[in-house]
Amino acid sequence: MIQSGLEFWVIYFFPGELKMTKAELVEKVSGQINLTKKQTEVVVNTVFQSITDSLSEGKKVELRGFGSFRIRERNARIGRNPKSGAQVDVPAKRVPFFKAGKELRELVDKNT
């Protein structure tokens, strides 16, 4: 059976593992392409930095079939200190948000 690139990626990189570090990702990717681990690390870091830069500029990053990254605005609110129970002002902030694409969600569900 021929698998899509994303399906191969999900099955190959996440065969029941609970996590993967960036170093493990670099090692797996370098084993699949004709680059050294050092060259692959530069590529992986560049991809992550590009996503980070785009988000910091307020841009949405969309990777078809995988998912999208965007910034969500959190409103200011009143929180509570869990130890003392005292009220704490929590300021408004911007946080990164990832939404998995349909194909990724289906593959993860299928392979669990």
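Per the numbering used here, the sequence shown starts with residue -12, numbered consecutively.
Where is the CB? At the ideal position from N, CA and C, for every residue including glycine.
Predicted model only: the values in this text are computed from it and were never measured.
query	result
Quick one: what does DSSP say residue 84 is sitting in, helix, strand or coil?	strand
Pick helix, strand or coil for residue 49, following the three-state DSSP scheme.	strand
From 73, 93 and 78, pick the residue whose C-alpha is nearest to that of residue 62; which is it?	78
So the candidates are 95, 92, 91 and 54; which of them puts its Cα closest to the Cα of residue 85?	54
With DSSP as the reference, label residue 20 as helix, strand or coil.	coil
Which term fits residue 13, buried or exposed, when burial requires 16 or more other beta carbons within 10 angstroms of its beta carbon?	buried
Let me know if residue 94 comes out buried or exposed under the rule of 16 or more other beta-carbons within 10 Å of its beta-carbon.	buried
Name the two residues that bound the continuous beta strand (DSSP E) containing residue 60.	54 to 61
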